[in-house]
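Peer 1: Here numbering that gives the first Met the number 0 is used: the sequence shown runs in plain steps of one and ends on residue 126.
Beta carbons are placed, not taken as given, at the ideal position from N, Cα and C, and that holds for glycine.
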Amino acid sequence: MEYIGRFIQKNPILKQIDLHGCEIDDDGAIHLAKYLPACNLESLELSQNSISDRGCASLLSSIPSTLLNLSLRGNQVTKSSLQTILTFLDVNQTLKNLTIRNNPILEETIYEKIYEAAKQNNICEIG
Numbered sequence: 000m001e002y003i004g005r006f007i008q009k010n011p012i013l014k015q016i017d018l019h020g021c022e023i024d025d026d027g028a029i030h031l032a033k034y035l036p037a038c039n040l041e042s043l044e045l046s047q048n049s050i051s052d053r054g055c056a057s058l059l060s061s062i063p064s065t066l067l068n069l070s071l072r073g074n075q076v077t078k079s080s081l082q083t084i085l086t087f088l089d090v091n092q093t094l095k096n097l098t099i100r101n102n103p104i105l106e107e108t109i110y111e112k113i114y115e116a117a118k119q120n121n122i123c124e125i126g
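1) Quick check on residue 111: does DSSP put it in helix, strand or coil?
2) For residue 6, count neighbouring C-beta atoms within 10 Å of its own C-beta (all shown protein chains included) and say buried if the count is 16 or more, exposed if not.
3) As a quick exercise: from 54, 47, 90, pick the residue whose alpha carbon is nearest that of residue 30.
4) Would you call residue 12 buried or exposed, if buried means 16 or more other Cβ atoms sit within 10 Å of its Cβ?
5) Could you pull out every residue in the same chain whose Cβ sits closer than 6 Å to the Cβ of residue 32, ignoring the five residues on either side in sequence?
6) Thinking C-alpha only, which one of 51, 37, 15, 95 is nearest residue 23?
7) Given that a residue counts as buried once 16 or more other Cβ atoms are within 10 Å of its Cβ, and exposed if not, what is residue 64?
8) For residue 37, does the count of other Cβ atoms within 10 angstroms reach 16, so buried, or fall short, so exposed?
9) Would DSSP call residue 16 helix, strand or coil?
10) So, with DSSP's three-state summary, where would you put residue 85?
11) For the putative contact between residue 89 and residue 68, defined by C-beta atoms under 8 Å, what is the C-beta separation to the nearest angstrom?
12) State the CB to CB distance for the pair residue 77 and residue 103, rounded to an integer number of angstroms; the pair is presumed to be in contact (CB under 8 Å).
13) Using only CA atoms, which one of 109, 95, 114 lies nearest to residue 42?
Below is the structure:
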């Protein structure tokens, strides 16, 4: 992940990256997160990996203001990340699509809280 992070950082014209199914775990997500604030990504696809609450927190705290689409679908994010996600949605002003389905977090009441927070912040799609 260190190499991918540096690549993203050194290529400001890069707008999207798809790391779907790349066996990224929390440590990989944390390494990647170090490089996100300095990039110009608009779309980050991280679905079908092994990112859990620790990696999710690191990623959400590092999202660049240019990011419009984030997919964490099919990872290991649990309801322990609820407050982290709600805080992120409250602070972030640019994200338009957040995909978190197929994670252990998605109990109906938790999903409703995330949906309401996203709606207040003009996020167009939560999936």
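Peer 2: Once the coordinates are examined:
1) helix
2) exposed
3) 54
4) exposed
5) 57, 58, 61
6) 51
7) exposed
8) exposed
9) strand
10) helix
11) 19 Å between Cβ atoms; not a contact.
12) 5 Å
13) 95
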